[in-house]
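For reference, the structure is listed below as structure tokens.
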Amino acid sequence: MAEAQARQHGGHTEDVSAERSAEGGLRFEVDGEIATITLDRPDKRNAQTFATWSALARIGESLPGQVRVVVVKGEGPSFSAGIDLRMFTPEGVPGQGSFSSAARSGEAGFEHSIRQAQAGFLWLRRPEIVSIAAVQGHAIGAGFQLALACDLRIVADDVKFCMKEPALGLVPDLTGTKPLVELVGLAKAIDICLTARVVRAEEAARIGLAEQVVPLGELDRAVRDKAAELLSTNRDAAAATKRLLQGARARTLEEQSVAEGLEQAARIKALFG
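When you read off a place in the sequence shown, starting at 1, and then add 1157, the result is the number in the numbering used here.
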């Protein structure tokens, strides 16, 4: 998409869709092989709207090819408090509508809207990148699901995860249910979702929601250190390994062995052929 393309300036990339990203409450910056997406509505605890999800999808469509690590973070004390509550009102968000207007759009139109929103989350799992959620404070509902869309979660010790949707009469539909079950197991996922309770840092680390817990003041440094570690490996080998890991659950051991052999053959040919 022309409006979402990036323009290179020295070691940094300027997003030429800055105005569109700002409408969605996002900042997008690229520095070499690291891209950073910042939820930038701190006065609203980085609440998300239809425009947020559209902006996320556009970033994924136009991500510069040199990027290997994508960091998703929130400005201010919260990562994201979830859905902008104005979306539950008849008036909705100015220029974006509401759930009421979406519900009246017909079944096909509503399903299309959901697919468009999900597109902003799905691309964060691509094999050629590693995505890191840097999570502090509240990560509620859509905020929790955005963190779950990332490959890794490094969290501050004040983090509060909560899958709020069932308490609001909704279901989590921003691609968060599958990674939650894969990370913590079915029983724990049922407990977290159907009680809409808060999961704090200690539990998040214990049950596998967080790879690392650090003091709030050390969060940015921990994310930078992890990005540097990830960039130390061979780019193509990292992408191939991530493909293997992502497909492992769906394959038998024999099928996984075959997949490993195919990926390794491609790597050896690339390196020595």
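Every residue gets a Cβ at the ideal spot worked out from N, C-alpha and C, and that includes glycine. Computed from a prediction, not measured in an experiment: that's the story for all the values here.
| said: On the CB-based measure, 16 or more other CB atoms within 10 Å of its CB, does Ala1385 come out buried or exposed? | reply: exposed
| Using the C-alpha atoms, what's the distance from Glu1339 back to Arg1363? | 14 Å
| said: Buried or exposed for Ala1405, going by 16 or more other Cβ atoms inside 10 Å? | reply: exposed
| task | State the DSSP-derived secondary structure class of Glu1285, mapped to helix, strand or coil. | result | coil
| request: Pull up the CB-CB distance for Ala1358 and Val1316, whole angstroms please, since I reckon it's below 8 Å. | output: 5 Å
| message | Going by DSSP in three states, Asp1098 sits in which element: helix, strand or coil? | response | One cannot answer for residue 1098 here, as it falls past the ends of the chain, which runs 1158 to 1430.
| field | Start-to-end residues for the beta strand (DSSP E) that takes in Lys1317 | value | Lys1317 to Cys1319
| field | Cβ pair count under 8 Å reaching 3, the region 1252–1259 against the region 1306–1321 | value | no
| field | Given Glu1322 as reference, the closest of Pro1221, Gly1182 and Leu1242 once Cα atoms are compared | value | Leu1242
| So is Arg1225 buried or exposed if we call it buried at 16+ other beta carbons inside 10 Å? | buried
| said: I'd like to know whether the C-beta of Gln1403 is nearer than 9 Å to at least one C-beta of chain B. | reply: The structure shown contains no chain B, having only a single protein chain.
| Which whole-angstrom value describes the C-beta separation of Gln1275 and Thr1332, a residue pair presumed to lie in contact below a C-beta threshold of 8 Å? | 5 Å
| field | Rounded C-alpha distance that separates Glu1190 from Ala1423 | value | 24 Å
| message | At the level of alpha carbons, what is the spacing between Asp1330 and Ile1271? | response | 8 Å
| message | Please list the terminal residues of the continuous alpha helix (DSSP H) segment that includes Arg1392. | response | Arg1392 to Gly1404
| query | Do Ala1416 and Asp1393 come within 9 Å of each other at the CB atom, strictly closer than that value? | reply | no
| For the alpha helix (DSSP H) that Lys1230 lies in, which residues bound it at each end? | First-last for Lys1230: Val1226 to Gly1231, but that is the beta strand (DSSP E), not the alpha helix (DSSP H).
| request: With Leu1309 as the anchor, note down where its beta strand (DSSP E) starts and where it stops. | output: Leu1309 to Ala1313
| request: Starting from Ala1427, follow the alpha helix (DSSP H) in both directions and report where the run begins and ends. | output: Leu1410 to Phe1429
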